[in-house]
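Student: Heads up: the sequence shown begins at 3 in our numbering, then just goes up one per residue. Quick one: structure below, then a few questions.
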Amino acid sequence: MMTAIFVFIKCELGYANDVAADIVDNVENVSEVYSTSGQHDLLAKFNLPRDADIGTFVTKQVQTRPHVR
3 MMTAIFVFIK CELGYANDVA ADIVDNVENV SEVYSTSGQH DLLAKFNLPR DADIGTFVTK
63 QVQTRPHVR
């Protein structure tokens, strides 16, 4: 069984498209990535195993991507 999580992502100015492509190409369990307006640049949906540590996933797999703030 999987758990869906949604993560808002802030990017360095001008890099939202690059970050979105990088996440789609390199992060496991990504389902969808959307461009947004407002305080955040992207909204990503991930499907993780129920026993996954969500905090560890976000800090190690999402926040470490190039050009993510």
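Glycine included, C-beta positions come from ideal geometry on N, C-alpha and C.
1. Output the boundary residues of the beta strand (DSSP E) element that contains N49.
2. In chain order, what residues of the same chain lie with their CB nearer than 7 Å to the CB of D20, ignoring the 5 residues before and after it?
3. If we ignore side chains and look at the alpha-carbon of each, how far apart do R52 and G16 end up?
4. Can the beta-carbon of C13 be found closer than 8 Å to that of L44?
5. Where does T66 fall in DSSP's three states?
Tutor: Looking at the coordinates:
1. The residue labelled residue 49 in the question sits at position 47 within the sequence shown. Here the beta strand (DSSP E) through N49 covers 44-51.
2. The count along the sequence shown starts at 1 and reaches residue 20 at position 18. Same-chain partners within the cutoff: H69.
3. On the sequence shown, position 50 is the one that residue 52 refers to. On the sequence shown, position 14 is the one that residue 16 refers to. Roughly 35 Å separates the two Cα atoms.
4. As a position in the sequence shown, residue 13 is number 11, starting the count at 1. As a position in the sequence shown, residue 44 is number 42, starting the count at 1. Yes; because the gap between Cβ atoms is below 8 Å, this pair is in contact.
5. The residue labelled residue 66 in the question sits at position 64 within the sequence shown. DSSP places T66 in coil when its eight states are reduced to three.
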